[in-house]
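Each remark here refers to the structure printed beneath this line.
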């Protein structure tokens, strides 16, 4: 794959899921972090996206020293605390889903977005066995709303997981409806007394 530059990309604004801007549930759902891998180099924004432990790099030409003032600069350079401002292509980042979707979908596709852990194959096998076993309130409180946001990644990335999420919803809804419609008075009292 030929390496493209961040500056060569078309940077028109494309936010695929911006319809729920003021919805607090949507904000909470899309603030969960997911793993991404950069497809192009990003110049000058390393301090914004990477933690301080990932910033040390003494081999780059574009370097600066974080926290250095005046006479401290020479002392810090001798200790090789140089920090690169560029993020090279292929770097793995943990980004909020709203940012990953904005950068990883559409025409530009600056990064490859991976699904959050709850939608990956390991949980898919558990969901295939029995969807009611996983405590979604603890693992992913906004499981279905987050999935709605992830559908913007396209069918190639969410294909198998889409079938799993639909099956989880159907099975869990069926068990809730069964409990609601076929509960005796004793069952209702015991479930509400907890």
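In this note's numbering, the protein residues as written are 407 to 600.
Glycine included, each C-beta is placed from N, C-alpha and C at the ideal position.
Residues bridged to residue i (per DSSP)
i           : result
residue 498 : 443
residue 509 : Beta-bridge pairing links residue 509 to no other residue.
residue 519 : 442
residue 493 : 448
Proximal residues to residue i (C-beta, below 6 Å), its chain only, five neighbours per side dropped
i           : result
residue 442 : 499, 501, 506, 517 and 519
residue 530 : 570
residue 450 : 491
Residues of its chain near residue i, where Cβ-Cβ distance is below 7 Å and the 5 sequence neighbours each way are ignored
i           : result
residue 532 : 539 and 540
residue 589 : none
residue 496 : 443 and 444
residue 587 : none
Integer-rounded CB distance, given that residue j should sit under 8 Å from residue i
i           : j           : result
residue 548 : residue 434 : 6 Å
residue 493 : residue 447 : 7 Å
residue 525 : residue 567 : 5 Å
residue 438 : residue 522 : 6 Å
residue 436 : residue 504 : 4 Å
Cβ shell of residue i (< 8 Å), same chain only, five flanking positions each side left out
i           : result
residue 575 : 550
residue 581 : 538
residue 510 : 442, 516, 517, 518, 519 and 559
residue 601 : What the structure shows of the chain is the stretch from 407 to 600, and residue 601 is not part of that stretch, so it cannot be assessed.
residue 591 : none
Practice problem: Please list the segments of the beta strand (DSSP E) lying wholly inside the region 556–583, counting only runs of 3 or more residues, in order along the chain. | Solution: none
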